[in-house]
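Q:
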């Protein structure tokens, strides 16, 4: 196999490996975020008789969700572009 063909094959494999690593990491991060949101939701249910605490937990849940909604796609795009 000529040098350039081998080089291109290696580069292609590296790109594939990087993409898989980036997206696997992203899936793990999303799973961790989902767990945190479920915990907050459970705390809201467990403390449903305390309106002030439920409001505070709800605000924390919305703020956390909004932060994640904005930051994860941006981070994914940065990582993908960097390794193309």
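In my numbering, the protein residues as written are 33 to 116.
Just so it is clear, CB atoms sit at the ideal spot from N, CA and C, and this is done for glycine as well.
Just so you know, these numbers come straight off a predicted model, no measurement behind them.
(1) Residue 77: buried (16+ other C-beta within 10 angstroms of its C-beta) or exposed?
(2) Please return the same chain residues whose Cβ sits closer than 8 Å to the Cβ of residue 72, not counting the five positions on each side in sequence.
(3) To the nearest angstrom, report how far apart residue 64 and residue 74 are at their CA atoms.
(4) Suppose contacts are defined by Cβ-Cβ distances below 7 Å. Is residue 70 in contact with residue 79 by that definition?
A: Straight from the coordinates:
(1) In the chain shown, residue 77 corresponds to position 45, counting from 1. Exposed, by the Cβ-count rule.
(2) Numbered from its first residue, the chain shown carries residue 72 at position 40. Hits under 8 Å: 89, 92, 93 and 96.
(3) If you number the chain shown from 1, residue 64 lands on position 32. If you number the chain shown from 1, residue 74 lands on position 42. Rounded to whole angstroms, residue 64 to residue 74 spans 15 Å at the Cα level.
(4) As a first step, residue 70 is located in the chain shown; it is residue number 38 there, counting from the start. As a first step, residue 79 is located in the chain shown; it is residue number 47 there, counting from the start. Taking 7 Å as the Cβ cut-off, residue 70 and residue 79 do not qualify as a contacting pair.
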